[in-house]
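Structure representation (structure tokens):
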């Protein structure tokens, strides 16, 4: 009896200890895998754990060795642990640890980058980069960055040989529901993938869809990407506007230079045209006082022309007066002869000493006749009064210095 009771007690104690150990570290739950073009992330949930607890992750591939890591977080990026994803399937197992105690493992759903695998699992795909549509020469040009370069360091394409290529399809639907499809390739040597799609008829909107693969990794369907407008556009406005703006700028610059040169030339010519008083107003006074100056007088005034009078037309009184003036001129000539003889007899030394000799020589022996400066009719070029003295001409109003013009008398 005692032996039976002892056995029951031992079994109860063992069950109690086992229950205590298993309930000390509860396992994680809801383990999920999320993958995209750039990597794979595993997430899970856990409860009833201490602050010192952590988690143990094990990545188990279909081919290759298992990889283990630990973390305190409820998510972990396992992209760096995946080396060859082309033909592999993966599963992640997660366990909680608290000191030396460890919970049971919780497994995720299987996943792969191989879209050809027929098992039920998560299939990870790549995405097409941003697609640009360009109309040109009646065709629609499709351009996008090469995924072989864009995703080179991601789990999907890590360790990918360079001889691999992108195999993709361009598909477009017409208005009647029919499709235009083309298969194209893009190699690693190109930084961008470019292709064209030709439409047999004009459409209001041109739309294309892309779908491709790299090795056994699928590039997810993208689109539709649409373009509205004509496939034969003219040259872009920039090709017209930029040369036009450059031409206008050059023309404006040349015009400005010409205007400046013209202004400089006008200023220089203006300084030459203006008098000195207007060129520099600081050095030359603007107002000058006028000084009176005597009027110039001719040194050799003109002689009035001789007047010829016929005695036939004169009356008796006028004739007597004219004859009297003629006799007066004879007396003057006689006095002139006496003066000349006096100068000759007295000698020129006495007169020259008084300053008259030279003048008299010039008067008598100059350019005139032998008997003095007589004209061709026997008259002196000086005026004398009735007594034979030289007449005073200071009051004469004639410009020649004579009080009357010469008179030449013709006798009957």
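Residue numbers (mature numbering (1 follows the signal peptide of the UniProt record, and there is no 0)): -24 to -1, 1 to 388.
Where a beta carbon is used, it is the ideal one built from N, C-alpha and C, also for glycine.
How should residue 114 be labelled, buried or exposed, when 16 other C-beta atoms within 10 angstroms of its C-beta is the threshold for buried? exposed
Under the assumption that residue 104 contacts residue 186 (Cβ atoms under 8 Å), give the Cβ distance between them as a whole number of angstroms. 5 Å
For residue 172, the three-state DSSP class (helix, strand or coil): Three-state result, residue 172: strand.
Taking the alpha carbon of residue 208 as the point to measure from, which residue in 37, 226, 177 has its own alpha carbon closest? The shortest C-alpha separation from residue 208 is found at 177.
Based on the DSSP output, what are the partners of residue 162 in its beta bridges? Per DSSP, 142.
Three-state class that DSSP yields for residue 102 in the structure shown: strand
Output the distance between the C-alpha atoms of residue 218 and residue 226, rounded to the nearest integer angstrom. 12 Å
Let's see if you can read the secondary structure: which residues bound the alpha helix (DSSP H) around residue 125? 123 to 126
Can you tell me whether residue 242 is buried or exposed? The criterion is at least 16 other CB atoms within 10 Å of its CB, across all chains shown. Residue 242 should be labelled exposed.
If we count the other Cβ atoms within 10 Å of its Cβ and call it buried at 16 or more, is residue 201 buried or exposed? buried
Exposed unless 16 or more other CB atoms sit within 10 angstroms - verdict on residue 136: buried
Using 9 Å as the threshold, is the C-beta distance between residue 19 and residue 69 below it? It is not a contact, given that the beta carbons lie outside the stated cut-off.
With 16 other CB atoms within 10 Å as the buried threshold, where does residue 190 fall? In summary, residue 190 is buried, with 16 or more beta-carbon neighbours lying within 10 Å of its beta-carbon over all protein chains present.
Just to confirm, are residue 72 and residue 100 a CB contact at a threshold of 9 Å? No.
Let me know the beta strand (DSSP E) ranges lying completely inside the stretch 173 to 215, each 3 residues or longer, listed in chain order. 181 to 190, 193 to 204
Buried or exposed: where does residue 325 fall if 16 or more other Cβ atoms within 10 Å of its Cβ makes it buried? At residue 325 the pLDDT is 46, less than 50, meaning the model places this residue with poor confidence; the figure from the coordinates comes in the next sentence. By the 10 Å Cβ count, residue 325 comes out exposed.
Should residue 5 be labelled buried (16 or more other beta-carbon atoms within 10 Å of its own) or exposed? exposed
DSSP has residue 148 in a bridge; who is on the other side? 156
Pull up the distance between the alpha-carbon of residue 16 and that of residue 166, whole angstroms please. 27 Å
Which term fits residue 87, buried or exposed, when burial requires 16 or more other beta carbons within 10 angstroms of its beta carbon? buried
To the nearest angstrom, report how far apart residue 118 and residue 11 are at their CA atoms. 27 Å
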